[in-house]
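Asks:
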Amino acid sequence: MIKKIDHIGIAVKSIAEAAKLYEELLGLKITQVEEVTEQKVKVAFLPTGDSEVELLESTDPEGPVAKFIEARGEGMQHIAFRVDNIEETLARLKAAGVRLIDEKPRYGAGGAKIAFLHPKGTYGTLIELCEREE
Ligand code: ZN
Numbered sequence: 164m165i166k167k168i169d170h171i172g173i174a175v176k177s178i179a180e181a182a183k184l185y186e187e188l189l190g191l192k193i194t195q196v197e198e199v200t201e202q203k204v205k206v207a208f209l210p211t212g213d214s215e216v217e218l219l220e221s222t223d224p225e226g227p228v229a230k231f232i233e234a235r236g237e238g239m240q241h242i243a244f245r246v247d248n249i250e251e252t253l254a255r256l257k258a259a260g261v262r263l264i265d266e267k268p269r270y271g272a273g274g275a276k277i278a279f280l281h282p283k284g285t286y287g288t289l290i291e292l293c294e295r296e297e
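Add 163 to a position in the sequence shown, counting from 1, and you land on the number used in my numbering.
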């Protein structure tokens, strides 16, 4: 079951550029920057209370984040919910006929197990499920 909003993913052209707003003006702090090669992105996490903002910058013009920005411009790209047991959650959603992008979890930033649900089955929002150590 869902425990909380783990993070909100925001696609930007440049993390360094966006950091001027998020750090200098909004007062958040980038605590972790990581490259997720499989996803062709560099990500920066900014804790915001009990959740985080995840800034996503593409490292490849053919990557999913570059494609997203090309199609829709910079902005909110996904919402990630923290779950206890991602395998069980995926199995339950699949059995209920929800369209999944990832049938099995893969490893995302910070070693979290993650999986995406297809926005066509979630009223237009790209949803990420995320299981990680507290
Ligand atoms: Zn994410």
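For each residue, glycine too, the CB sits at the ideal point set by N, CA and C. Note that the coordinates shown come from a computational prediction; the quantities given were computed from them, not determined experimentally.
CB of A259 to nearest heavy atom of the ligand ZN: below 6 Å?
Replies: No, the ligand ZN has no heavy atom inside 6 Å of this Cβ.
Asks: Would you say the beta carbon of E296 is closer than 6 Å to some non-hydrogen atom of the ligand ZN?
Replies: False, no ligand heavy atom lies under 6 Å from that Cβ.
Asks: Pick helix, strand or coil for E186, following the three-state DSSP scheme.
Replies: Reduced to three states, the DSSP call for E186 is helix.
Asks: State the start and end residues of the unbroken beta strand (DSSP E) segment that holds L292.
Replies: I290 to E294 is the span of the beta strand (DSSP E), which, as asked, contains L292.
Asks: State the Cα-Cα distance for the pair L289 and F231, rounded to the nearest angstrom.
Replies: Distance between the alpha carbons of L289 and F231: 11 Å.
Asks: Examine the ligand ZN and report whether any of its heavy atoms sits within less than 6 Å of the Cβ of E291.
Replies: Yes; taking the cut-off as 6 Å, the Cβ of E291 has a heavy atom of the ligand ZN nearer than that.
Asks: If you pair each beta-carbon of the segment 182–202 with each one of the segment 251–263, do three or more pairs fall below 8 Å?
Replies: They do not touch, by the three-pair rule.
Asks: Across which residues does DSSP place L209 in a beta bridge pair?
Replies: V216.
Asks: When the Cα of V199 is compared with those of D247, E233, Y185 and S221, which residue comes out closest?
Replies: If we check each option's Cα against that of V199, S221 comes out closest.
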